[in-house]
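Undergrad: By my numbering, the letter at position 293 of the sequence shown is numbered 296, and the numbering carries on one by one without gaps.
Don't be surprised by glycine CBs; every beta carbon is placed ideally from N, CA and C.
Here it is: the structure, laid out below.
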Amino acid sequence: MDKRGPARSNQNIQYIRRDLFPASYRCRDDCAALMSQNERQFIIDYVSIYSPTHHERPAAEFLQSRFEQWGWKAWIDAAGNACGEAGADSPRAMLCFLGHIDTVPGEIPVRVENGVLFGRGSVDAKGPLAAFACALARCADQLEHLDVRLIGAVEEECSTSKGARFAVEQYDRPDFLIIGEPSQWNRLTLGYKGMFRFNYELRQPRVHSAAEEFFPATKAVGFWNSIFEAHPGDAEHFASAFNQLTGNIASMSTASEDVNELAVSMGCELRLPPGIDPEELENILRQHADNDAATITIREALPAVRCERSTPLVAVFNKAIRACGGQPGFVVKTGTSDMNIAAPVWRCPTLAYGPGDSTLDHTPDEHLALDEFSQSVDVLERVLLNLDARLGNA
Ligand SMILES: [Zn+2]
Numbered sequence: 004m005d006k007r008g009p010a011r012s013n014q015n016i017q018y019i020r021r022d023l024f025p026a027s028y029r030c031r032d033d034c035a036a037l038m039s040q041n042e043r044q045f046i047i048d049y050v051s052i053y054s055p056t057h058h059e060r061p062a063a064e065f066l067q068s069r070f071e072q073w074g075w076k077a078w079i080d081a082a083g084n085a086c087g088e089a090g091a092d093s094p095r096a097m098l099c100f101l102g103h104i105d106t107v108p109g110e111i112p113v114r115v116e117n118g119v120l121f122g123r124g125s126v127d128a129k130g131p132l133a134a135f136a137c138a139l140a141r142c143a144d145q146l147e148h149l150d151v152r153l154i155g156a157v158e159e160e161c162s163t164s165k166g167a168r169f170a171v172e173q174y175d176r177p178d179f180l181i182i183g184e185p186s187q188w189n190r191l192t193l194g195y196k197g198m199f200r201f202n203y204e205l206r207q208p209r210v211h212s213a214a215e216e217f218f219p220a221t222k223a224v225g226f227w228n229s230i231f232e233a234h235p236g237d238a239e240h241f242a243s244a245f246n247q248l249t250g251n252i253a254s255m256s257t258a259s260e261d262v263n264e265l266a267v268s269m270g271c272e273l274r275l276p277p278g279i280d281p282e283e284l285e286n287i288l289r290q291h292a293d294n295d296a297a298t299i300t301i302r303e304a305l306p307a308v309r310c311e312r313s314t315p316l317v318a319v320f321n322k323a324i325r326a327c328g329g330q331p332g333f334v335v336k337t338g339t340s341d342m343n344i345a346a347p348v349w350r351c352p353t354l355a356y357g358p359g360d361s362t363l364d365h366t367p368d369e370h371l372a373l374d375e376f377s378q379s380v381d382v383l384e385r386v387l388l389n390l391d392a393r394l395g396n397a
């Protein structure tokens with residue numbers, strides 16, 4: 004397909020762009036109101052397609068068909084990611100927006116109450132992806148130097164990160180990377196902690212409970228505590244959680260089918276701050292486990308990621324947020340995202356952005372104010388146009 008996609012007909016344009024308004028809409032305010040209304044309908048339609056991890060296909064097909072209607076190059080790749088591309092014909096730079104289309108399970112009836120959209124994924128992370136898509140739809144035809152690729156990845160909400168891993172292997176390294184995660188419309192997320200998940204397992208012949216030897220479960224607890232002795236936190240452990248090693252015992256079982264055996268299986272999750280390398284941590288843990296004659300199985304090992312603040316990408320966001328009446332803020336997150344996968348490979352100016360309050364992620368009350376959604380579309384439109392202008396001046 005030609006880069007611009009199939010010929011447009013007005014009947015196909017469901018979400019109206021500024022340049023496609025009928026002549027009767029002379030007033031820019033009317034245009035803006037109508038555009039905003041169509042953009043809101045787009046996010047409502049998108050959130051209405053329930054897409055928990057491994058069931059992303061209908062949402063991916065919805066995005067592909069909308070991207071095609073907007074005249075973009077659009078495809079679903081071999082991983083199942085929904086992709087769209089638009090912008091300059093002879094670009095000087097490429098910006099990649101990497102969002103995710105899967106959500107955690109737990110359907111929430113989709114409804115709008117007093118301008119607030121309730122629904123699974125409204126915040127994490129359909130809102131960010133929808134905002135970016137709407138911003139690009141507004142200005143794709145005005146971009147002279149910037150090519151923009153949007154990737155709606157699958158399987159972000161599980162440890163496989165299949166969509167993002169496929170993207171970093173198969174697609175060209177972009178010059179700028181925006182991760183689509185909620186940060187609120189006027190803030191930028193510049194870092195995520197790493198994740199280290201492993202199982203600790205120990206079996207030993209049954210001994211009397213009055214014997215001198217510790218039971219496997221007791222040894223497991225001692226092992227768990229030793230991790231934090233090696234990496235002590237300060238008094239404000241959880242107050243400055245980004246820079247501390249934190250974690251939880253996610254599961255623990257002492258079941259054994261053999262009556263002559265005592266056993267423990269402990270599932271652990273550690274959240275890594277910058278500066279703790281997963282490989283070094285693994286070596287330390289294996290040494291400790293060897294002392295107990297226990298075995299360790301690593302389930303996931305992702306280092307923390309922290310982005311530069313002095314990049315052209317941050318600069319255009321700051322300018323855009325101010326132009327929209329906001330005061331830019333910066334945050335780091337104690338969870339993980341596809342930034343942990345993509346940023347270390349693509350190594351370009353990176354940040355995460357999107358409307359919504361991330362404390363609502365994964366909650367039964369997930370909701371997004373549609374006014375905030377529209378503000379973030381305004382910010383992203385300015386980001387794309389400002390970046391394009393900077394490339395023209397360079
Ligand atoms: Zn997310």
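(1) Would the beta-carbon of residue 421 fall within 7 angstroms of that of residue 110?
(2) As a quick check of your reading: which residues have a C-beta less than 6 angstroms from at least one non-hydrogen atom of ligand 1, in chain order?
(3) Starting from residue 207 and walking both ways along the beta strand (DSSP E), at which residues does that stretch end?
(4) How far does the beta strand (DSSP E) with residue 332 in it reach, from first residue to last?
(5) Go to residue 228, then tell me how far its alpha helix (DSSP H) extends in each direction, as first and last residue.
(6) For residue 302, count the other beta carbons within 10 Å of its own beta carbon; 16 or more makes it buried, fewer makes it exposed. Which is it?
(7) Return yes when the Cβ of residue 81 is within less than 7 angstroms of the Cβ of residue 67, no when it is not.
(8) Less than 7 angstroms between the beta carbons of residue 177 and residue 98, yes or no?
(9) From what residue to what residue does the beta strand (DSSP E) around residue 355 run?
(10) Look at the Cβ atom of residue 299, then the Cβ atom of residue 218, and state whether they are nearer than 7 angstroms.
(11) Considering only residues of the segment 106-177, which uninterrupted beta strand (DSSP E) runs meet the minimum length of 3 residues and lie entirely inside it, listed in chain order?
(12) Report the CB separation of residue 139 from residue 85 in whole angstroms; it is logged as a contact under 8 angstroms.
(13) For residue 62, which option in 72, 147, 50, 73 has the closest C-alpha, if you only look at C-alpha atoms?
(14) State the Cα-Cα distance for the pair residue 245 and residue 214, rounded to the nearest angstrom.
(15) Measuring CB atoms only, is the segment 272-287 touching the segment 135-154, in the sense that at least three cross pairs come out at less than 8 angstroms?
(16) Fully enclosed by the segment 257-310, which alpha helix (DSSP H) runs are 4 residues long or longer?
(17) Assign residue 131 to one of two classes, buried (16 or more other C-beta atoms within 10 Å of its C-beta) or exposed (fewer than that).
(18) Determine contact between the segment 314-331 and the segment 155-166, defined as no fewer than three beta-carbon pairs at a distance below 8 angstroms.
(19) I'd like to know whether the C-beta atoms of residue 323 and residue 382 end up nearer to each other than 7 angstroms.
(20) Tell me the DSSP bridge mates of residue 251?
(21) Identify the continuous beta strand (DSSP E) that holds residue 88 and give its terminal residues.
(22) In or out: residue 158 buried (at least 16 other Cβ within 10 Å) or exposed?
(23) Whole angstroms is fine: what's the gap from residue 190's alpha carbon to residue 316's?
(24) For the candidate residues 55, 266, 72, 251, whose alpha-carbon lies nearest to that of residue 107?
(25) Roughly how many whole angstroms lie between the Cα atoms of residue 288 and residue 226?
TA: Result, derived from the coordinates:
(1) Summary: the structure shown does not reach residue 421, with the chain confined to residues 4 through 397, and so no result is reported for it.
(2) This criterion selects 103, 127, 128, 159, 184, 340.
(3) As a working mapping, residue 207 is identified with position 204 in the sequence shown. Here the beta strand (DSSP E) through residue 207 covers 197-208.
(4) Indexing the sequence shown from 1 puts residue 332 at position 329. It spans 332-336 - the beta strand (DSSP E) in which residue 332 sits, taken as one unbroken run.
(5) Position 225 of the sequence shown holds residue 228. Note, residue 228: alpha helix (DSSP H), 219-233.
(6) Walking along the sequence shown from the start, residue 302 turns up at place 299. Exposed is the call here.
(7) Locating residue 67 in the sequence shown gives position 64, counting from the first residue. Locating residue 81 in the sequence shown gives position 78, counting from the first residue. No, the pair does not count as a contact, with Cβ atoms beyond the cut-off.
(8) Residue 177 sits at position 174 when you count from the first residue of the sequence shown. Residue 98 sits at position 95 when you count from the first residue of the sequence shown. The answer is yes: Cβ separation under 7 angstroms.
(9) Here residue 355 refers to the residue found at position 352 when the sequence shown is read from its first residue. Run containing residue 355: 353-356, per the beta strand (DSSP E) assignment.
(10) For the purposes of this step, residue 299 is taken as residue 296 along the sequence shown, with counting starting at 1. For the purposes of this step, residue 218 is taken as residue 215 along the sequence shown, with counting starting at 1. Not in contact: residue 299 and residue 218 (Cβ atoms no closer than 7 angstroms).
(11) Those beta strand (DSSP E) runs which fall completely within the segment 106-177 and span 3+ residues are 114-116, 119-121, 149-156.
(12) Here residue 139 refers to the residue found at position 136 of the sequence shown. Here residue 85 refers to the residue found at position 82 of the sequence shown. About 14 angstroms; that fails the 8 angstroms criterion.
(13) Here residue 62 refers to the residue found at position 59 of the sequence shown. Residue 62 has its Cα closest to that of 50, out of 72, 147, 50, 73.
(14) The residue labelled residue 245 in the question sits at position 242 within the sequence shown. The residue labelled residue 214 in the question sits at position 211 within the sequence shown. About 42 angstroms.
(15) Short answer: they don't touch.
(16) Runs of the alpha helix (DSSP H) inside the segment 257-310: 281-295.
(17) Position 128 of the sequence shown, counted from the start, is the residue given in the question as residue 131. Here residue 131 is buried. Its C-beta has 16 or more other C-beta atoms within 10 Å.
(18) Judged by Cβ distances under 8 angstroms, the segment 314-331 makes no contact with the segment 155-166, as fewer than three pairs qualify.
(19) If you number the sequence shown from 1, residue 323 lands on position 320. If you number the sequence shown from 1, residue 382 lands on position 379. Contact flag set, yes.
(20) Reading the sequence shown from its first residue, position 248 is the one you call residue 251. In DSSP, residue 251 forms a bridge with 272.
(21) Start at 1 with the first residue of the sequence shown, and residue 88 comes out as number 85. DSSP places residue 88 in the uninterrupted beta strand (DSSP E) bounded by 85-90.
(22) For the purposes of this step, residue 158 is identified with residue 155 of the sequence shown, where counting begins at 1. Under this definition residue 158 is a buried residue.
(23) Looking up residue 190 in the sequence shown gives position 187. Looking up residue 316 in the sequence shown gives position 313. One C-alpha to the other measures close to 13 angstroms.
(24) As a first step, residue 107 is located in the sequence shown; it is residue number 104 there, counting from the start. Ranking 55, 266, 72, 251 by CA distance to the CA of residue 107 puts 55 first.
(25) By one-based count along the sequence shown, residue 288 stands at place 285. By one-based count along the sequence shown, residue 226 stands at place 223. C-alpha of residue 288 to C-alpha of residue 226: approximately 9 angstroms in a straight line.
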